[in-house]
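Scroll down for the structure; my scribbles are underneath it.
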Amino acid sequence: MATRAQLYQRYILIGMVLAILVGGTVGLSFHEKDAKEQAEVRLLGVNLEGLGSGFVAVLKFIVLPLVITSMVVGVTSLGSTAGLGRLGAKTVAYYFLTTAIAVSLGLVVVNIINPGKFITREERKVYPSKGTEDIVKTFLPWNVIQQTKGSSRVNILAVIIDSILTGWVLLMLGKRSRWVIRIFQVCNKFILKITALLMLLAPLGIFGIVASKVGEKGLEAITELAPYFFTVLAGLALHAFIVLPLILKYLGRREVLPYARDVAPALSMAFATASSSATLPVTMECVEENAKVDKKTANFVLPLGATVNMDGTALYEAVAVMTIAQSLGMDITLAEQITIFLTATLAAVGAAGIPEAGLVTMVIVLRAVDIPPVYIGTIFAIDWFLDRFRTTVNVWGDTVGAAVIARMTRKSGPPASAPAQQDA
Ligand code: ASP
Numbered sequence: 003m004a005t006r007a008q009l010y011q012r013y014i015l016i017g018m019v020l021a022i023l024v025g026g027t028v029g030l031s032f033h034e035k036d037a038k039e040q041a042e043v044r045l046l047g048v049n050l051e052g053l054g055s056g057f058v059a060v061l062k063f064i065v066l067p068l069v070i071t072s073m074v075v076g077v078t079s080l081g082s083t084a085g086l087g088r089l090g091a092k093t094v095a096y097y098f099l100t101t102a103i104a105v106s107l108g109l110v111v112v113n114i115i116n117p118g119k120f121i122t123r124e125e126r127k128v129y130p131s132k133g134t135e136d137i138v139k140t141f142l143p144w145n146v147i148q149q150t151k152g153s154s155r156v157n158i159l160a161v162i163i164d165s166i167l168t169g170w171v172l173l174m175l176g177k178r179s180r181w182v183i184r185i186f187q188v189c190n191k192f193i194l195k196i197t198a199l200l201m202l203l204a205p206l207g208i209f210g211i212v213a214s215k216v217g218e219k220g221l222e223a224i225t226e227l228a229p230y231f232f233t234v235l236a237g238l239a240l241h242a243f244i245v246l247p248l249i250l251k252y253l254g255r256r257e258v259l260p261y262a263r264d265v266a267p268a269l270s271m272a273f274a275t276a277s278s279s280a281t282l283p284v285t286m287e288c289v290e291e292n293a294k295v296d297k298k299t300a301n302f303v304l305p306l307g308a309t310v311n312m313d314g315t316a317l318y319e320a321v322a323v324m325t326i327a328q329s330l331g332m333d334i335t336l337a338e339q340i341t342i343f344l345t346a347t348l349a350a351v352g353a354a355g356i357p358e359a360g361l362v363t364m365v366i367v368l369r370a371v372d373i374p375p376v377y378i379g380t381i382f383a384i385d386w387f388l389d390r391f392r393t394t395v396n397v398w399g400d401t402v403g404a405a406v407i408a409r410m411t412r413k414s415g416p417p418a419s420a421p422a423q424q425d426a
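Residues 3 to 426 in the working numbering are what the sequence shown spells out, letter by letter.
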């Protein structure tokens, strides 16, 4: 007999995968109808776009308190400032290593396939570039509220840094700060509980997002960009199915398939929302509750990873810039490829965990090899779709990172041989 927790987990996983498949089919059928109906995809009187965006809005609402409480609880549970230093160093090393591997893979596949050669110049659409000023601000995240062109939004990286500092100071205060830490712990439990309840509605939300997006955009723009599309997918697949599983198995000492099943709801959520940040509550729930990774480590590694660790985005930026260069008939030297390698790694760190953030920070990579940012338009048409795949790889990289770093700090859950979850 399956326990309640197991039934819950199965429902979420099956529900989410079905939501993506059915949502995609419904969306395609709507897309084929005339333009008027495409503007608003409705099913049984329900506006599917509203259903999806409403769900994401609720998720975003809990991200901020979740990040703050998880980071403070994570840092203070390390016991000492030296413990924080050790965990921080391991985490950053993991992020850089995996991102560098991802970018290298991207460069290898793009050099083999040469997707830019298939793109004709006449049909290239021009996309206005965003100012580099925004990107500089992303790298200097000292203002929690960020002003971007008249609108203000919360800068999650600044929130993370502030939360780490708060935890660090509480650690330094020692016994006197115990009650403050206790309050953070209770708030954290409360938000995780809300997340678990919210997940019951996730399949509905995902269905709404996928159906309305596919209904609006369709998939026909893929034709000319197909070689580019498949080059990015090939790189992402190599990273997701070979590199990360090997790291998980040999450094994290986890069985790959059970672990992947445990975190699958987070992966489907990443695919549906194209946002690592909006997915964060689900990622934490899956890694801590399903895969039983040590909470102290996961509380630190996952919120940071959702904004900083983006293997999929880094790989995609390298492939995209190379494709644009190839389509312009440019000769890319080895030195330029090294520049792309370095800047794509940085640009991915700078990208926020929100839809199509990678498209904006790609300006850094383009500028580094002297390509005018307007040429981002070359690959713009299918970016909304590719974004889903790279976000899924970003989140998969974060979950693998949590297991690996937990293992390296010797606080991981079940040993390698034990099933990661009871319902094997
Ligand atoms: N959407 C991605 C994420 O949230 C970032 C990107 O645009 O590549 O992880």
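We put the CB at the ideal spot given by N, CA and C, even for glycine.
These numbers come from a predicted model, not from an experiment.
Counting C-beta atoms within 10 angstroms of its own C-beta, Ile340 has fewer than 16 neighbours from the protein chains shown and is therefore classed as exposed. The beta carbons of Ala408 and Ala300 sit about 7 Å from each other, so the pair counts as a contact at 8 Å. Contact between the stretch 65-76 and the stretch 280-296 is established, with three or more Cβ pairs separated by less than 8 Å. Per DSSP, the continuous alpha helix (DSSP H) segment holding Asp389 begins and ends at Asp385 to Met410.
Shortest gap from the CB of Ser278 to any heavy atom of the ligand ASP: under 6 Å. Sixteen is the threshold: since fewer than 16 other Cβ atoms of the shown chains lie within 10 Å of the Cβ of Tyr252, the residue is exposed. Taking the C-beta atoms as reference points, Val376 is found no nearer than 7 Å to Glu338. The C-beta separation of Pro117 from Thr233 comes to about 5 Å, placing the pair in contact by the 8 Å criterion. Excluding five sequence positions before and after Ala228, the CB atoms of its chain that fall closer than 8 Å to its own CB belong to Phe120, given in chain order. Runs of the beta strand (DSSP E) lying entirely within the stretch 248-306 and spanning at least 3 residues: none are present. The Cβ neighbour count for Met174, taken over all protein chains shown within 10 Å, is under 16; the residue is labelled exposed. Going by C-alpha positions, Gln328 is about 15 Å away from Phe231. Trp181 is classed as exposed because its beta carbon has fewer than 16 other beta carbons within 10 Å across all chains shown. Counting the other Cβ atoms within 10 Å of the Cβ of Ser82 gives fewer than 16, which makes it exposed.
Shortest Cα-Cα distance from Leu23 to any of Ile366, Leu388, Phe273 and Trp398 involves Phe273. In terms of side-chain proximity, the C-beta atom of Asp389 is found nearer than 6 Å to a non-hydrogen atom of the ligand ASP. Judged by DSSP secondary structure, Glu51 falls within the alpha helix (DSSP H) whose first and last residues are Leu50 to Thr78. With respect to the C-alpha of Glu226, the residue from Ala383, Leu80 and Met312 having the closest C-alpha is Ala383.
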